[in-house]
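So the protein lines, in turn, are chains A and B. Counting with my numbering, you get residues 164 to 473 for the letters of the first sequence. Counting with my numbering, you get residues 123 to 566 for the letters of the second sequence. Taking it in order: structure first as structure tokens, then the write-up.
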Amino acid sequence: MVPTLAYTVFRAIIDGLLEGSLYALMGFGLTIVFRVTRVANFAHAEYVTYGAYAAYVAMVAWGLGLVPAAIVAALVVAGVALASDELVFKPLWRRGSTPLHFLVASIGVGLVLRFSLQAVAASVPGYLNIRLPEFPSTLAIIGGKVAINVVHALAPLLALGTTAALHVLFTRTKLGKAMRATASNPTLARISGINVIMVRRVTWIIGGLLAGLSGFIISYYIQANPEVGWNFLLWMFAAAIAGGFTFYGTIIAGIILGVVGQVAIILAGYYLGVTTAYKPAIALVIMVLVLLFRPEGIIRIQSLGLRRRA
Amino acid sequence: MALAKEAIVLAIIGIIIGAVVGSVAFPRTTVSTTTVTTTVGGGATATVTTTVTTTAPGAAGGLQGEIPIGLAIAVSGGYAVDGPKRLKGAILAIEEFNQYLESVGAPFRFTYLHEDTGARAETAVAAFNRLVSAGVQVVVGPLATSETAAVMPIANEKHIVVISPSSTGIAAAYPNDYVFRMPPPDTAQGVALASLIYGMGYTKVAVIARDDDYGRGLAQLFQQEFEKLGGTAELLLYQINQPDYAAEVNQLSTIVSNFGADQQTAVLIIAFDTDGANILGHAAKDPVLRQVRWFGPDSMKRATFLPPEAPEEVGQFLVDVQFTGTIASIARNPITDHFEQAYKQRWGIDPTPYAYYAYDAAWIAMLSIVAAGKYDGAAVKEILPTIASHFIGATGHKLLNENGDAAFADYEIWQVVKTAEGYQFKSIGVWHFSTQQVEWFEES
């Protein structure tokens, strides 16, 4: 007979994979924008929230299905992200702002986005707490104790699919190579004839698409509200920092964070009586340790055969 | 000559100072008696006549112009859904009171200043301080016990009267302070829940509760009372404002599995809107948690948890696990009917349970200010218990105990059912405070 703890840990792993995939998708968006534009974008959390709401509006108000809702979420947030850059970050960049200026400005953009949404959501009945009307169906029940549902498969598949698509973009297309070149050295990229403005726009759109998809998964998986993205901010930054703000490092670090966070807190609770209140501490400890001892990230990109262009 | 001149000047200054001090210390007052007639409806129409004797101070001070009532009521965070409905209850009371003031030609009106306390202690303190800075002496709110306990030291220090329409946790139950609470404290609800669950044959209960003053306080009270009866309760306290509670539901499932997930095992969930909806969403998918009966306190009787606001699967889950709970019952009277009609007419929706208390809290606040004859927290604090003890509002009689909380209440027992009209909280019984026994309306 399989002990109860084994089921608990198994469930923690599949929940962790799901959460980790979300951290990876969100962290990847942060990373790509930071690498290309040097904006450590706190407003990325709000993009996720906007994705959740866009998917909800698409399904409830427009009567669309799940897949069209996901596409709408991604496109709407891509637009929001692009608008953020065009209206705030690009003008600052042209004025020679530093990454610190960008960071502070992104906090401002985030506050404007969050409270604008809150004001609208509060005025429309039923929009303060939302969840997509379609409940994830159960795919399998393991041992009569652990249910695996659609989202458990969807989130990792979406993360893997996105990674594969972006891998092709970065390694097989001129645009991707231009993005990597701009990420490595914007000045040299411009001198080399790369249209850095176009690269910048594509970067923000990709970041927005990823945030929109994350928001879609969140509103499919749990109940969302105008603060839902903000509540994930710590984890998306933890994934990006642990991944050394590298493209693939962030994906792997996000998934590791998700699984470690779930399993560690379950085992700590089971053996030491530690409450789940300490779960966010895991992300903080990992971030502090990485920044202290391996600021380039915990993932060795070279060992994965994806050498970073410095 | 010069000396005489100085003496005259000093005498004039002395007379002016004396006149000012005297008029402030002993204001000229007039007493008037006003009869207010209110027609209340419902099943039957009745006329309630209230005689209000007001002391109208003279021109030197007293109630003149606009008198602000602070509304420190959360409309975001855990109260994003229900908070606005409670706020509407308080605003309705202020609007009604002003109509009465206008009809009797009173020289003052009540206004309100609303601050969103955010359902968190730290944001509640910030919101409360903003109200204090604006000169507010009497505040309706905050809602949560954690918020109420957080603003209590400021209220006591600055002599600001706080009347919470929904705080019930023991962390805000102190004698001789500036905090008053309209619902009964959880000391009664903990006993009610324990006797209800144990009386239904459940001896092992997994409790999942918010790790704040309300959740922790009620969970511990329940555990204490339940174990006194002979049962076993294991607490799982979770941090609030997390993005997801999958790990907590996993732990809860483990506890229930270890209990055997049998006919003697139950779950008690103590949550607010956002966290509760998340936990129930995960639990609806959990094969173990679906096997046992679920219970909840007052905070779980919210439309957020039922379709159409919640997914159909969550509603069905709550029906399947016979989700049952308690909430302080309202002693219905003609004012209750009047409030329900007026609320529906003013806002177009039905009031939720704690909107009734918000309405009563605002009424008691304004009556106390009028009775005190001045807009002063210390004076209002002294007279408020007397006003409350003679007050019958939408929630019934408001006699307060030594801590300034509602002294007693019976508890309604509700259960989630599915009817032709959809998912509903059906009243299935009552727990009597006087006998500490449950009376069932029908076989449940």
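Cβ atoms here follow ideal geometry from the backbone N, Cα and C, with glycine treated the same way.
In the three-state scheme derived from DSSP, where H, G and I count as helix and E and B as strand, A/S382 is classed as helix.
Measuring C-alpha to C-alpha distances from B/G518 to each of B/Y478, B/G398 and B/L185 identifies B/Y478 as the nearest.
Comparing alpha carbon positions, the residue from A/I414, A/G407 and A/I428 closest to A/L452 is A/G407.
B/Y234 has B/I191 as its beta-bridge partners, per DSSP. Shown here, B/I471 sits in coil according to DSSP, grouped into three states, outside any helix or strand. Against chain A, the beta carbon of B/E431 has neighbours under 8 Å at G289 and N292, listed in chain order. Put simply, the CB of B/D498 is far from chain A, with every gap to its CB atoms at 8 Å or more. According to the DSSP assignment, B/A355 belongs to no alpha helix (DSSP H) but to the beta strand (DSSP E) extending over T354 to Y360. Within 8 Å of the CB of B/Y360, the CB atoms of chain A belong to T438, T439 and A440, in sequence order along the chain. Listed by position along chain A, the residues whose Cβ is nearer than 7 Å to that of B/D408 are A310. Contacts between A/I385 and chain B, judged by CB atoms closer than 7 Å, involve D366, N400 and G403 in chain order. Here B/E269 is not near B/T233, since their CB atoms are 8 Å or more apart. DSSP, reduced to helix, strand and coil, places B/Y533 within a strand of the structure shown. Listed along the chain, the chain B residues whose CB falls inside 7 Å of the CB of A/V423 amount to none; the nearest CB is some 12 Å away. Residues of chain A whose Cβ lies closer than 7 Å to the Cβ of B/T376 are, in chain order, T167 and T171. The C-beta of A/R201 comes no closer than 8 Å to any C-beta of chain B. At a cut-off of 8 Å between beta-carbon atoms, A/A232 makes no contact with chain B.
Beta bridge pairing from DSSP links B/K540 with B/Y545. Of the candidates A/L351, A/V199 and A/V309, A/V309 places its Cα closest to the Cα of B/A369. Taking a Cβ-Cβ threshold of 8 Å, the residues of chain B close to A/N394 are N363, Q364 and P365, in chain order.
Look at A/W225 here: in three-state DSSP terms it is coil, with no helix or strand label.
With a cutoff of 8 Å on beta-carbon distance, B/F344 and B/L315 are scored as near each other. For B/N220, there is no enclosing beta strand (DSSP E); the enclosing alpha helix (DSSP H) covers residues G205 to S225.
Only buried fits A/F265, as 16 or more other CB atoms lie within 10 angstroms of its CB. Non-local C-beta neighbours of A/V199 in its own chain, meaning closer than 7 Å and more than five positions away in sequence, comprise M342, T345, A346, V362, R363 and T366, ordered along the chain. Using a Cβ-Cβ cut-off of 7 Å, B/D395 is close to N292 of chain A, given in chain order. Sequence-ordered contacts of the region 192-215 of chain B with chain A read V197, S198, G199, A202, V203 and P206 [C-beta pairs closer than 8 Å]. Residues of the same chain with a CB within less than 6 Å of the CB of A/T301, apart from the 5 flanking positions on each side, are A310 and N312 in chain order.
Cβ-Cβ distances below 6 Å link B/Q361 to D333 in the same chain, with the five nearest sequence neighbours on each side left out; the list follows chain order. Among the CB atoms of chain A, one or more fall inside 8 Å of the CB of B/D333. The shortest CA-to-CA distance from B/G291 to any of B/H236, B/E244 and B/I392 is the one to B/I392. Residue contact check for A/T301 against chain B: a CB pair falls below 8 Å. A Cβ-Cβ contact shorter than 8 Å links A/T167 with B/S379.
Under the three-state reduction of DSSP output, B/Q559 falls in the strand class. For the beta strand (DSSP E) assignment, the region 167-228 of chain A encloses no uninterrupted run of at least 3 residues.
At a cut-off of 8 Å between beta carbons, B/S379 contacts chain A.
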